[in-house]
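Taking it in order: structure first as structure tokens, then the write-up.
Protein chains: 2
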Amino acid sequence: MNTVDFAKAIGDETRQKIMSLCCCRQLSVSEIVAQMGVTQPTVSHHLKILRDAGMVRMERRGKEIYYTLNQERLAQGCCRVAEEFAPDIDLKIDSKA
Amino acid sequence: MNTVDFAKAIGDETRQKIMSLCCCRQLSVSEIVAQMGVTQPTVSHHLKILRDAGMVRMERRGKEIYYTLNQERLAQGCCRVAEEFAPDIDLKIDSKA
DNA sequence: TTTACATATAGACGATTATCTATATAATGC
DNA sequence: GCATTATATAGATAATCGTCTATATGTAAA
Numbered sequence: 068m069n070t071v072d073f074a075k076a077i078g079d080e081t082r083q084k085i086m087s088l089c090c091c092r093q094l095s096v097s098e099i100v101a102q103m104g105v106t107q108p109t110v111s112h113h114l115k116i117l118r119d120a121g122m123v124r125m126e127r128r129g130k131e132i133y134y135t136l137n138q139e140r141l142a143q144g145c146c147r148v149a150e151e152f153a154p155d156i157d158l159k160i161d162s163k164a
Numbered sequence: 068m069n070t071v072d073f074a075k076a077i078g079d080e081t082r083q084k085i086m087s088l089c090c091c092r093q094l095s096v097s098e099i100v101a102q103m104g105v106t107q108p109t110v111s112h113h114l115k116i117l118r119d120a121g122m123v124r125m126e127r128r129g130k131e132i133y134y135t136l137n138q139e140r141l142a143q144g145c146c147r148v149a150e151e152f153a154p155d156i157d158l159k160i161d162s163k164a
């Protein structure tokens, strides 16, 4: 995944809200929809974009599909951007406890 | 500057090419135009977006205006994104020699 | 197998955006 | 002042994108 696609994937208010919601916990699509001001198809649309960008993981359980943000991929994308355009500045990843 | 505006500013192929060009050296608008496949007004347009996002510095010398990428701001934006959406991963900035 | 529920997809539509041409502004030299 | 060069701005246009409604797909329960 290149830096343009990465930045485009995260460069939308609705998607960032979704990212915040399923950043630290699994959420079903309905749960996401319930907390956003847009329709379910719109949420599904944005989830697809995030999925295609590798930014979220999905897991089906029964009728529901749970999404979680892929924090590693996100951080990797940030590092890629910094490496490419800010070579004089060093961004290091340290996994927290 | 919020993370949406930051991601939108860098989420364009033409702008990323400009960012690459004036990442490590000052370049005048004409010099940038010469290395890109778009017209001068288009380059000016993208420079304005990068300027508004604080991603480039400009310096007038005579008739020419020289642009440089603001690597610190860029790296800061990357960190902001990681902090907000990947709180379990720690991205630290280390200034290189 | 029908019904109900959860999610995805298709298609339409308005808004935003990237590009262009034409023109304005700014700086320099004659 | 006038001409020249460099950059910015205005306005038009086509393409992309985000949102909606309608509908299809998938899963589980009756």
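Protein chains in written order, with the numbering used here: chain A, 68 to 164; chain B, 68 to 164. Here a beta-carbon is modelled for each residue, glycine too, at the ideal position from N, C-alpha and C.
Measuring alpha carbon to alpha carbon, tell me which of the options ends up nearest residue i.
i, options, result
"B:K75", "B:A120, B:E151, B:R92, B:T109", "B:A120"
"B:N69", "A:I77, A:T135, A:V123", "A:I77"
"A:T135", "A:I85, A:E80, A:D79", "A:I85"
"B:V71", "A:V71, A:L114, A:D72, A:E80", "A:E80"
"A:M122", "A:D161, A:C89, A:R128", "A:C89"
"B:I99", "B:E126, B:Y133, B:R128, B:R118", "B:Y133"
If I follow the unbroken alpha helix (DSSP H) through residue i, where does it start and stop?
i, result
"A:R118", "107-119"
"B:L82", "According to the sequence as given, residue 82 of chain B is Arg; it is not Leu. B:R82 -> alpha helix (DSSP H) spans 80-88."
"A:R140", "138-152"
"A:D155", "Here A:D155 belongs to no alpha helix (DSSP H), and DSSP marks it neither H nor E."
"A:K75", "70-77"
Listing by chain order, which chain A residues have their CB less than 9 Å from the CB of residue i?
i, result
"B:L141", "V148, A149, F152, A153, I156"
"B:D161", "I156, D157, L158, K159"
"B:M125", "Here the premise fails: no neighbours, minimum Cβ distance about 17 Å."
"B:L136", "F152, A153"
Buried or exposed: which applies to residue i, given that a residue is buried once 16 or more other Cβ atoms fall within 10 Å of its Cβ?
i, result
"B:A153", "buried"
"A:Q102", "exposed"
"B:R82", "buried"
"B:C91", "exposed"
"B:G144", "buried"
Which chain B residues sit within Cβ distance under 9 Å of residue i?
i, result
"A:K75", "A74, K75, G78, D79"
"A:S87", "E151, F152"
Ends of the beta strand (DSSP E) at residue i?
i, result
"B:R128", "123-128"
Residues of chain A with CB under 8 Å from residue i, in chain order?
i, result
"B:T70", "I77, Q83"
**Prompt:** Between the region 140-153 of chain A and the region 102-110 of chain A, do at least 3 Cβ pairs fall closer than 8 Å?
**Reply:** no
Does the count of Cβ pairs from the region 95-105 of chain A and the region 135-142 of chain A closer than 8 Å reach three? no
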